[in-house]
Every structure is written in C-alpha cells, then in structure tokens.
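Have a look at the structure below, then the notes.
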Amino acid sequence: MAFQASRALFEQRKRPCALSCIAVSHDGRFFAYCPQTSKVLVSEYKDGEFRLVKELAQHDQLVTSIEFAPSSYNLLTCSQDRNAYVWDFGKDNEWNPTLVHLRIHRAATYCKWSWDGKKFAVCSGQKCISVCYYEEENNWWVSKLIEDFDSTVSCVCWHKSNTYLAAGSMDGAVRLFTAAVKGVDDKPTQLFGPDVSFKKIGQMICKIETNSWVHDICFSPTFDSIAFVTHDSSISFLPIQEGVIPQQEQLERIRCSGLPHLRMMFLSHNRVLAAGHDCNPTVYAKEGKGWKTKNVQSKISPVSPPSAMKKRNQLRNLLLQKSVEDSLHYKQIKAKVEESKVAEGFIEDAKFAVQDVDPEVCHFAMTTL
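Residue numbers (full-length UniProt numbering): 1 to 369.
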C-alpha cells in the first residue's frame, strides 16, 4: 500500500515535491509529513484511507524532522529556521504549538523524544544537542546544551533509562553522553560504572571513530548494543555491557554491497532493517557472534497486492501499489511492530513504511525474517 503525500510541483522542475521527513503516531492513527516546505501536514488513517486533517504552519523554513510522542498524539517538529515546536493535541482534536527555547543560531537537523516523553533532544548545525524539558511555572520548553562536537550533529537516540543518549555527527564519530536533568529524571543508574558523573549534563562517556558521516543511530530493543549507519556504505554495531565503557576495539562493522543507508531500526534484538540510497530495504541478522546481511527481498511484500505492469506509467499520479523491486531511493523508515510475535529470534507480522524521493510512502509487511 502506498500513500501519495503531495501533488505540489516544484515550479522549476515541474515534478512532484519530495518529502523531507515523516512520522507515525504510536497507534498508527495519524501520519505526519513535510513536502519539502515549512509546513507539516497531518493525515488520519481511517476505514482504509488517508484523510488530511490538519496543516501545521508555524515554521519559516524547511522542516527537517518530525516525531510523535511515545504514548500520545503530541508532535515535535524542528526546522532550518533554528526553531522547534511541541504541538499539544487537545480535547478539541487540534494541535496547539508551544515554542521551544533551543538556544541555537544554526539550523536544527533532527529531533527525538525520550522514552518517557518528558524530554527530547534536538540536533543542530551549531555542533551541539539541545536537551529540552518542560518548565511548568513558565509554560514553555527550555534546554540545556551538549557541545562536545566538531561538526553538525545529524542523529540521536535515547537509552531506556532516559538518562543517556547516543549521537552521530558529520565529524565522523559516535558519542555517548549522560543526559539526566535534575528535577525531571529519577536518580540515574550507573550503567557504565561509578566513574561516570551526572553532576553536569553532557558528560561524554566514550567517543567511537567512524571515519565517515553518521546518518542514523539506534539502541537495540534490549539496550545491549548500539547500531549506526554511515556514509561509507557500512553499518556498525557496538556492544553495551553494564559497568563497562564501550571501546573502539569492540566495534563490528559490515560493508554494504550497495549505496549508503540513511535510516535504520531494530525489528528485534537480532534483526535490523535499513534503507537509503539503494532501491531496496536491507535486513541484517545476528547469527552466532556476528552480524550478516540477510537476503529477504522475497519475503518483503506490499500490504496490498502490486498493480499490473501495464499501469506502471499511471502510478505517479495515483495512490500507488508498489512492489519492492520498483526503482525507489528510500530515504526514511518508520515502523510499528504489531503483536510482537517473536520466536527463536524471528519476528512475525512486522510492518514498516518507507519514504522515497517521490512524494510517496510505501507500507510493507514481512511475514518472517
């Protein structure tokens, strides 16, 4: 099943606008996307159809990242205009914006909620991360900066404790930081040993050299490893052990057979899905002590049956039904694993959506990986 997000045309190219970012709510009800503009469009999925319900127009420049809160319909957006907004979903089914005080003077590049929804992190071109939290007395979101970077911060992910975060940047490194905020978080656990201090936010725990731009990063579901994809067409895995600070020598790197991945996610503790400049998503599986590329293209199929080949030339202007073999350059992955059917390291009934350079988002199902 595919969703055509926009019929808008670039004035110069006379072709449909690509999407800059997408997000799916925790229950799959709402789908938010930005068609390469300063606006965010929100569609509701109901009775098998997408229906546009809201246009969020508060930013002045291109929206670079969208994220729904973990357990609500509150929406987080950031933009090249150096601002971020939290859109509170009210009882009137409307999203009301609250400005976030990011303390940056460069474009915001990526945003991510913490697991408890009390904080979020915003990456930027100012070589820093803004860790934001809500101040009730002032009725706005404020931030503390983590600044130990040498270039633009491109991605970030949270540990389940909400007191650690991992970040990737354009200076060719992955860093792990403390991110506890006094008065917001409970007493932090000493996951990496007693030498790690929480007196100041942004204490760097370790720095892992990647020698290439880092496009995306993610903790595993069991939080015993970190995976990230880089611009040198590789995916890397870093094990996390309690009481031990991760070291460069522990890094396991796999060279991809194709072009670089841009987005990735864990489907289970031993399955990773990645997509990017290549025409197909790729699955990596942990077998024994190492990770390997798993050929599962035959097991990944559209949720709806593919259209007949004779209709191929009509697909650009319709709600499409695509096969994985169509030439798409996938940019992002947003997924929801339904019913969590896991047995012997295999996950069933997983569904995920991929965004390509056309204004379309394709929804796929995988029987067994």
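Note that the Cβ used here is the ideal one computed from N, Cα and C, for glycine as well.
Where residue i falls: helix, strand or coil (DSSP)
{"i": "residue 135", "result": "strand"}
{"i": "residue 249", "result": "helix"}
{"i": "residue 73", "result": "coil"}
{"i": "residue 227", "result": "strand"}
{"i": "residue 265", "result": "strand"}
{"i": "residue 281", "result": "coil"}
{"i": "residue 198", "result": "coil"}
{"i": "residue 215", "result": "strand"}
{"i": "residue 37", "result": "coil"}
{"i": "residue 287", "result": "strand"}
{"i": "residue 149", "result": "coil"}
{"i": "residue 257", "result": "coil"}
{"i": "residue 192", "result": "coil"}
{"i": "residue 165", "result": "strand"}
{"i": "residue 276", "result": "strand"}
{"i": "residue 368", "result": "With a pLDDT of only 48 at residue 368, under the threshold of 50, the placement of this residue in the model should not be trusted; the figure read from the coordinates follows. The answer is strand: DSSP assigns residue 368 an E or B state."}
{"i": "residue 236", "result": "strand"}
{"i": "residue 222", "result": "coil"}
{"i": "residue 55", "result": "strand"}
{"i": "residue 104", "result": "coil"}
{"i": "residue 323", "result": "Low confidence applies to residue 323: its pLDDT is 36, below 50, so where it sits in the model is not reliable enough to give any reading."}
{"i": "residue 29", "result": "coil"}
{"i": "residue 242", "result": "coil"}
{"i": "residue 156", "result": "strand"}
{"i": "residue 292", "result": "strand"}
Close-in-space but distant-in-sequence residues of the same chain around residue i (CB under 8 Å, 5 per side omitted)
{"i": "residue 203", "result": "177, 178, 196 and 197"}
{"i": "residue 54", "result": "41, 42, 94 and 95"}
{"i": "residue 139", "result": "98"}
Buried/exposed call for residue i, threshold 16 Cβ in 10 Å
{"i": "residue 126", "result": "buried"}
{"i": "residue 112", "result": "buried"}
{"i": "residue 186", "result": "exposed"}
{"i": "residue 165", "result": "buried"}
{"i": "residue 244", "result": "exposed"}
{"i": "residue 29", "result": "exposed"}
{"i": "residue 216", "result": "buried"}
{"i": "residue 90", "result": "exposed"}
{"i": "residue 105", "result": "exposed"}
{"i": "residue 287", "result": "exposed"}
{"i": "residue 260", "result": "buried"}
{"i": "residue 159", "result": "buried"}
{"i": "residue 168", "result": "buried"}
{"i": "residue 152", "result": "buried"}
{"i": "residue 70", "result": "exposed"}
{"i": "residue 255", "result": "exposed"}
{"i": "residue 383", "result": "In the structure as shown, the chain starts at 1 and stops at 369, and residue 383 therefore has no counterpart that could be examined."}
{"i": "residue 92", "result": "exposed"}
Opening and closing residue of the beta strand (DSSP E) in which residue i lies
{"i": "residue 125", "result": "Taken as a continuous stretch (DSSP letters only), residue 125 belongs to no beta strand (DSSP E), as it is neither H nor E."}
{"i": "residue 208", "result": "204–209"}
{"i": "residue 88", "result": "84–89"}
{"i": "residue 96", "result": "95–100"}
{"i": "residue 113", "result": "108–113"}
{"i": "residue 175", "result": "173–178"}
{"i": "residue 23", "result": "21–24"}
{"i": "residue 421", "result": "The question about residue 421 has no answer, for the chain in this structure spans 1 to 369."}
Residues near residue i by beta carbon distance below 6 Å, same chain, minus five either side
{"i": "residue 345", "result": "Only weak support exists for where residue 345 lies, its pLDDT of 39 falling under 50; the coordinates are left without a value."}
{"i": "residue 313", "result": "Confidence is the limiting factor: at residue 313 the pLDDT is only 44, short of 50, which leaves the residue's position unreliable and the question unanswerable from this model."}
{"i": "residue 172", "result": "210, 211 and 212"}
{"i": "residue 65", "result": "21, 78, 110 and 111"}
{"i": "residue 315", "result": "With a pLDDT of only 36 at residue 315, under the threshold of 50, the placement of this residue in the model should not be trusted; the figure read from the coordinates follows. Hits under 6 Å: none found."}
{"i": "residue 294", "result": "283 and 285"}
{"i": "residue 133", "result": "119, 181 and 184"}
{"i": "residue 236", "result": "228, 251 and 253"}
Proximal residues to residue i (C-beta, below 7 Å), its chain only, five neighbours per side dropped
{"i": "residue 60", "result": "38 and 81"}
{"i": "residue 325", "result": "With a pLDDT of 38 at residue 325, under the threshold of 50, the modelled position of that residue is not reliable, and no figure is offered here."}
{"i": "residue 86", "result": "74, 76, 98, 100 and 141"}
{"i": "residue 52", "result": "41 and 43"}
{"i": "residue 234", "result": "253, 254, 255 and 256"}
{"i": "residue 34", "result": "19, 20, 21, 40, 63 and 66"}
{"i": "residue 242", "result": "191"}
Chain D within 8 Å of residue i, Cβ atoms only
{"i": "residue 226", "result": "The structure shown contains no chain D, having only a single protein chain."}
field: contact_flag[the stretch 225–233, the stretch 178–196] where n(CB pairs < 8 Å) is 3 or more
entry: No, because fewer than three Cβ pairs between the stretch 225–233 and the stretch 178–196 fall closer than 8 Å, the two stretches do not touch.
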